[in-house]
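This report refers to the structure that appears directly beneath it.
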Amino acid sequence: HTKLLQLLTTKPE
Amino acid sequence: PQLPVLTPEALIARIMEAEPPDIYLMRDMSGPMTEATVMMSLTNLADKELVHMITWAKKIPGFVDLNLLDQVHLLECCWLEVLMMGLMWRSVDHPGKLIFSPDLSLSREEGSCVQGFVEIYDMLIAATSRVRELKLQREEYVCLKAMILLNSNMCLSSSDGGEELQSRSRLLRLLDAMTDALVWAIAKSGLSFRQQYTRLAHLLMLLSHIRHVSNKGMDHLHCMKMKNMVPLYDLLLEMLDAHIMHSS
């Protein structure tokens, strides 16, 4: 689940 | 760390702010509708919505305090239910139609060009009619959608180390807070106590229908993928594969 993890862990701008 | 304690009113205000914007398909739908074009449109839209869904989940107070693996599992389990709940909400004022996005609505006839889709279409129409009968309020809707996310998987992190247990108890507290918020929203309607708990039961019973339609939809999408009817990519493919893996 790379994309999901990536979206979950990026800080909101 | 303790979760910040929010009043039901404040919690609802926060999840109202978390609501995703209207998402448009932005494709020319003037050509003939075929199985392939309808499936392409639906999956394209779902892929866009999924990105917004993750942003939405992160804005639900307490969600990002769960451990990361639990966050992943919850989203993998609930994503189609959340999409369907949103679809029902958008379609509530359009009897007999499903409003997938402001620029994509499908009649039953248009849906019927996709093999196996009519059964799911009819279930979605029936569930939407129930939402209409119940005159679901926006505050109740946002609570139910958050509950779908938080209640999507009871068997989270398999090992029972300290961190996992803590995350699980946090999740249960979040669900309690969401229940309080839903009860508060129902109480605003000025119903009698008896009518209030009947309504609470009716609203929660909707969720089991949504779970059922979502499972049907997941099987259908999996089937479409296997037949190479529609090319799946990115997030949608990942979420579908994860769901199939969990359920097998």
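Here the protein sequences come in this chain order: A and B.
Be aware that the first sequence starts at 1, since it is given in this note's numbering, and climbs by one per residue.
Be aware that the second sequence starts at 14, since it is given in this note's numbering, and climbs by one per residue.
Cβ coordinates follow ideal geometry from the N, Cα and C atoms, glycine included.
| Query | Result |
| --- | --- |
| Option nearest H86(B) by Cα separation, candidates R40(B), S180(B), M239(B) and V105(B) | S180(B) |
| Within 9 Å of chain A by C-beta, residues of the segment 60 to 86 of chain B in sequence order | L63, V64, I67, T68, A70, K71, K72, V77, L81, Q84 and V85 |
| Unbroken alpha helix (DSSP H) run spanning L81(B), endpoints | L81 to S104 |
| S118(B) - containing beta strand (DSSP E), residue span | L117 to L119 |
| Where I73(B) falls: helix, strand or coil (DSSP) | coil |
| Spatial neighbours of E30(B) in its chain, beta-carbon cut-off 8 Å, leaving aside the 5 residues before and after | K72 |
| Residues near W92(B) by beta carbon distance below 8 Å, same chain, minus five either side | L63, M66, M252 and H256 |
| The segment 47 to 55 of chain B contacting the segment 141 to 161 of chain B, beta-carbon criterion three pairs below 8 Å | no |
| Whether V144(B) touches E32(B) by CB criterion (9 Å) | no |
| Outcome for M97(B) when other beta-carbon atoms lying within 10 angstroms are tallied against a minimum of 16 | buried |
| Identity of the residue in I199(B), D78(B), V127(B) and E94(B) nearest P4(B) by Cα | With chain B covering only 14 through 261, there is no way to say anything about residue 4(B). |
| Inter-stretch contact (C-beta, 8 Å, three-pair minimum) for the segment 158 to 167 of chain B and the segment 187 to 202 of chain B | yes |
| Within chain A, the residues that M29(B) reaches when beta carbons sit closer than 7 Å | Correct list: empty, because the minimum Cβ distance to chain A is about 17 Å. |
| Minimum Cβ-Cβ distance from A140(B) to chain A less than 9 Å | no |
| Proximal residues to D35(B) (C-beta, below 7 Å), its chain only, five neighbours per side dropped | P115 |
| Listed by chain order, chain A residues near M101(B) by CB distance under 8 Å | Here the premise fails: no neighbours, minimum Cβ distance about 24 Å. |
| Beta-bridge pairing of S114(B) - partner residues as DSSP gives them | L117(B) |
| Neighbour list for D247(B) in chain A, Cβ cutoff strictly below 7 Å | K3 |
| Residues, ordered as in the chain, of the segment 248 to 260 of chain B that lie near chain A by beta-carbon distance below 8 Å | L248, E251, M252 and A255 |
| Residue from Y210(B), L219(B), H259(B) and Y246(B) whose Cα sits closest to the Cα of D232(B) | H259(B) |
| Proximity winner among A23(B), K110(B), L19(B) and T68(B), relative to L142(B) (alpha-carbon distances) | It should be noted that the sequence gives Ser, not Leu, for residue 142(B). Minimum Cα distance to S142(B) is reached at K110(B). |
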